[in-house]
Amino acid sequence: MAGGLLKWIVPWEFSWSFLVLFIGAAWLYVVGSRRLRVPLSRQAAFWTGMAIVYVSLHTYLDYFFEHEFFMHRIQQVLLHHLAPLLLIASYPGTVLRAGLPLRWRVRLRRVGRGVVCRVVAAILLNPAFVTLSFVALILVWLIPDMQTLAMLDWRIYRFMNWSMILSGLAYWWLVLDHRPKPPGRMTPGIRVLSPAITMTPQIIAGAIVTFSKSDLYPIFEICGRAFTMNVLTGQLIGGVIMWVPAAIIESIGGLLAMRQWLRLSRTGRLPKRPPPVRRVSRPSVPLPPSR
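Under my numbering, read the sequence shown as residues 2 to 292, first letter to last.
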């Protein structure tokens with residue numbers, strides 16, 4: 002029994018870079034949570050998101066993700082939607098910063114205030130750029146030729162997975178921002194509306210894959226499928242996964258953004274509109290009598 006459990010824990014493809022980053026983030030959060038009072042709900046959200054990332058990338062399940070289309074869709078929904086949503090919903094920024102030594106925090110603050118860092122952040126965290134990237138990466142990696150490249154080259158495969166995680170983190174960081182604009186980059190109303198906009202092309206793409214009558218991704222047949230099941234059945238399941246669960250997760254994100262909007266309204270932190278300008282009526286001056 003222990004040997005069978007160990008099989009699932011051992012990664013299908015070991016990665017030192019992922020392991021170092023994962024342990025480093027976990028260590029910073031543990032140290033930071035000891036210095037700050039972090040609610041249990043936020044801690045649970047953070048560790049659940051971290052566990053999903055680890056299971057999706059560094060266990061034996063990665064074998065099934067690489068050899069079955071619907072399993073690969075599960076992996077992408079976890080990495081692009083659920084795990085980033087949980088991690089950002091835990092608001093880990095202050096906790097991770099508290100886990101750093103004081104001199105590192107001072108240096109990090111100085112770097113963040115620098116011109117180069119602000120310019121890069123203004124470009125990479127631009128709401129339009131982040132939103133388009135969030136949707137485009139899903140659609141790009143669904144193109145059969147791109148999917149084939151990712152499955153044949155491990156470097157492209159890892160780049161695909163990391164791009165999904167990073168785009169998900171950037172997107173949900175903007176949507177779940179608890180601050181008004183400014184300093185937030187989106188207005189509270191746009192944050193609530195954004196998930197409804199981004200889920201639409203994903204639903205359309207999922208419907209196309211679901212109702213397709215041909216094998217769109219023969220690369221899984223070439224690499225060897227993990228399950229003995231009908232090709233179109235597996236493709237149908239994969240389309241439904243990227244159609245329904247992904248839309249549900251984004252709807253939950255929209256509800257969380259709505260909660261932040263209501264909280265800002267209750268606390269009076271939303272910018273007030275200036276009072277309307279009223280026209281002052283001037284008394285009419287009688288015209289002089291005509292001669």
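From the three backbone atoms N, C-alpha and C, an ideal C-beta is built for every residue, glycine too.
Quiz item: Pick from 11, 162, 168 and 27: whose alpha carbon is nearest that of residue 60?
Solution: 11
Practice problem: With DSSP collapsed to three states, give me the class of residue 194. | Solution: helix
Exercise. Verify whether the separation of the beta carbon atoms of residue 189 and residue 261 is less than 8 Å.
Key: yes
Quiz item: alpha helix (DSSP H) containing residue 218: first to last residue?
Solution: Run containing residue 218: none; DSSP gives neither H nor E here.
Exercise. Taking residue 131 and residue 171 to be in contact with their CB atoms under 8 Å, please state how far apart those CB atoms are, rounded to whole angstroms.
Key: 5 Å
Quiz item: Using the rule of at least 16 other Cβ atoms within 10 Å of the residue's Cβ for burial, across every protein chain shown, is residue 39 buried or exposed?
Solution: buried
Quiz prompt | Inter-stretch contact (C-beta, 8 Å, three-pair minimum) for the stretch 167-181 and the stretch 119-134 | solution = yes
Quiz item: Going by alpha carbons, who is nearest to residue 33 out of 218, 101, 206 and 162?
Solution: 101
Exercise. Determine the extent of the alpha helix (DSSP H) in which residue 68 is found, giving its start and end residues.
Key: 62-68
Exercise. Return the CA-CA distance between residue 234 and residue 79, expressed in angstroms with no decimal places.
Key: 21 Å
Practice problem: Return the Cβ separation of residue 97 and residue 29 in integer angstroms, given the expectation that the two are a contact with Cβ distance under 8 Å. | Solution: 5 Å
Self-check item: C-beta contact flag for residue 194 and residue 168 at 8 Å
Solution: no
Exercise. Please classify residue 188: does DSSP put it in a helix, a strand, or coil?
Key: coil
Quiz item: Can we say the stretch 209-226 touches the stretch 140-159, given the rule of at least three CB pairs closer than 8 Å?
Solution: yes
Exercise. Give the range of the alpha helix (DSSP H) segment to which residue 146 is assigned.
Key: 145-153
Practice problem: Indicate whether residue 14 and residue 155 have their beta-carbon atoms separated by less than 8 Å. | Solution: yes
Practice problem: Can you give me the Cβ contacts of residue 8 inside the same chain, cut-off strictly under 7 Å, excluding the 5 residues immediately before and after it? | Solution: 61
Exercise. Buried or exposed for residue 212, please, with buried defined as at least 16 other CB atoms from any protein chain shown within 10 angstroms of its CB.
Key: exposed
Quiz prompt | Which of helix, strand or coil DSSP assigns to residue 13 | solution = coil
Self-check item: Three-state class that DSSP yields for residue 128 in the structure shown
Solution: helix
Practice problem: Reducing DSSP to helix, strand and coil, say where residue 92 ends up. | Solution: coil
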